[in-house]
Structures are given as C-alpha cells and as structure tokens.
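Counting from 11, one number per residue, gives the positions in the sequence shown under the numbering used here. Each residue gets a CB set at the ideal place from its N, CA and C atoms; glycine is no exception. These numbers were taken from a predicted model, which means no experiment stands behind them.
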Amino acid sequence: QVQVVESGGGLVQAGGSLRLSCAASGSIFSINFMGWYRQAPGKQRELVAAIPSGGRTNYADSVKGRFTITRDNAKNTVYLQMNSLKSEDTAVYYCMVATPRDYWGQGTQVTVSS
Numbered sequence: 011q012v013q014v015v016e017s018g019g020g021l022v023q024a025g026g027s028l029r030l031s032c033a034a035s036g037s038i039f040s041i042n043f044m045g046w047y048r049q050a051p052g053k054q055r056e057l058v059a060a061i062p063s064g065g066r067t068n069y070a071d072s073v074k075g076r077f078t079i080t081r082d083n084a085k086n087t088v089y090l091q092m093n094s095l096k097s098e099d100t101a102v103y104y105c106m107v108a109t110p111r112d113y114w115g116q117g118t119q120v121t122v123s124s
C-alpha cells in the first residue's frame, strides 16, 4: 500500500505565494509520474502540473509562468511552488502518484483572497 500526504495549503492574498509538498510512502518500487490536480467548487478536477520520470514537466495554460513543479526522487516527494496567485487559483489541490497504479492524497485547501 502507498500513502500520499499533501501539505502547505492555506489562505493567501492575491499576488502572494504558497508552496505545496506531497510525500509518498509505503510499498513503492518506482514512481512513474507525479502530478498536482485541483478542483474548485462546482468544477471538474483538472491537471495543474505534472512531472513524469525522466520526462518534461507540463503545466495547465492557466498557471504557466507562475507555478513550478519539482520532485525529489530520493524522498519520493513532489513540490508545487505557486507564485503570483490569483483568486481563480482557489481550489482543493490534490497530489497524484503513479507507481504505475494511481494513488491520491486527501487534498489541501488553497484559498486566494482578492
């Protein structure tokens, strides 16, 4: 079994920054893919940023130039640095780890006040 735990959410003013962290633990042989998704009230869950093993990072158009995803393979951890936050970034952010089976975290709330 694999556990995925996110941290770092909170309340921030528009224009501010937050850094999310996600750590995977448990029976992990290898991690193929790590990504951040978000779901705002009344909307579908969407991919925000992804970082495959050995591949290129990719971002939703709405966050390009503002968010940066990185990973520490030794710690099975992925980070999401979020800068220049906007009110429309308000959502619950979820981490997903593919081993290759998909494991999801419980989510962390990010609220951006205008």
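Setting aside the 5 residues that flank it on each side, Ser31 is surrounded in the same chain by Ser17, Gly18 and Tyr89, each with a C-beta closer than 6 Å to its C-beta; the list follows chain order. Asp112 has Ala108 as its beta-bridge partners, per DSSP. Assigned with DSSP and collapsed to three states, Ser27 falls in coil, not helix or strand.
For Thr118, the enclosing beta strand (DSSP E) starts and ends at Thr118 to Ser123. By the CB criterion at 8 Å, Asn68 and Thr109 fall outside the cutoff. Contact between Ala24 and Val122 is confirmed by a C-beta separation of about 6 Å, below the 8 Å threshold. CA-CA distance, Gly52 to Ala84, rounds to 37 Å. Straight through space, the alpha carbons of Asp99 and Ile79 are spaced by roughly 15 Å. Assignment of beta-bridge partners to Leu21 by DSSP yields Thr121. If you compare the alpha carbons of Arg29, Arg55, Ser37 and Leu57 with that of Leu95, the shortest gap goes to Arg29. Under the three-state reduction of DSSP, Ser40 is assigned to coil, being neither helix nor strand.
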